[in-house]
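Please read the structure below before turning to the comments.
Numbering (our numbering), first residue to last: 10 to 263.
Given below as structure tokens:
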């Protein structure tokens, strides 16, 4: 039985049989509890998770914020590590987490860098400045944000860990496009259409591309940086195009 602080891993899933095993295995050496909230998968996701010792709870999908809060509600350890099914904790991260929570005066939550792997390339440069809070005291944190962009909100001091989470997000370009389509639909639903939305379809994607490619140094990653910058801009365009579509339907109902 653990004598020091314990960690629960929480993950939400739906049809993630190809990825959930590696996700759980990466965290099991330092997590005393594995929690999976599964959205009625039609593949072997739940079976694989149970076989690796996870407690699996079936829950019809609501939204990303609510689904992850449900997973958090099932956790019982002192600390919680939040991973997505397509993410893996590195060995060094596990060691760093153990050291951090055993320290005399740990923070209440910790930011952890996510390193995206896509098209055979690890994006280690700051083009993806993605360092969300993923480790936190269970009694000091909850899941907030605006669907589909959930985030951990911590009541207390936030620290930073150096070892990364590896993010294996997309199988290929087609999968990336499908994900952008799905997420942009949810993000657009949270935006109130304005008379300026047609202009936003132009200005916001242009700014996103400039930010990613120039300010964040995407050009230093060659073709991979160009791809990342273009797809980031395209996601923003899709989001505002769907808001624009909703405004047109409101102005000219059939």
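Here a beta-carbon is modelled for each residue, glycine too, at the ideal position from N, C-alpha and C. Values in this document were obtained by computation on a predicted structure and should not be read as measured data.
Cβ-Cβ distance between residue i and residue j below 7 angstroms
i	j	result
residue 249	residue 157	no
residue 55	residue 46	no
residue 98	residue 36	yes
residue 152	residue 81	yes
residue 148	residue 77	no
residue 57	residue 29	yes
residue 121	residue 143	yes
residue 238	residue 221	yes
residue 167	residue 231	no
residue 256	residue 211	no
residue 101	residue 172	yes
Neighbourhood of residue i by C-beta, 7 angstroms cutoff - its chain only, sequence neighbours within 5 removed
i	result
residue 226	134, 135 and 136
residue 85	17 and 42
residue 24	50, 51, 52 and 54
residue 251	193, 194 and 197
residue 213	245 and 249
Secondary structure of residue i, DSSP reduced to three states
i	result
residue 229	helix
residue 205	coil
residue 261	coil
residue 49	coil
residue 10	With a pLDDT of 47 at residue 10, under the threshold of 50, the modelled position of this residue cannot be trusted; read the value that follows with caution. Reduced to three states, the DSSP call for residue 10 is coil.
Identified DSSP bridge partners for residue i
i	result
residue 17	42 and 89
residue 159	154
residue 97	175
residue 167	118
Spatial neighbours of residue i in its chain, beta-carbon cut-off 6 angstroms, leaving aside the 5 residues before and after
i	result
residue 110	14 and 88
residue 10	Residue placement at residue 10 is flagged as unreliable, the pLDDT there being 47, under the threshold of 50; the coordinate-derived value follows with that caveat. The answer is none, since no qualifying residue turns up.
Cβ distance (whole Å) where residue i is taken to contact residue j below 8 angstroms
i	j	result
residue 61	residue 33	5 angstroms
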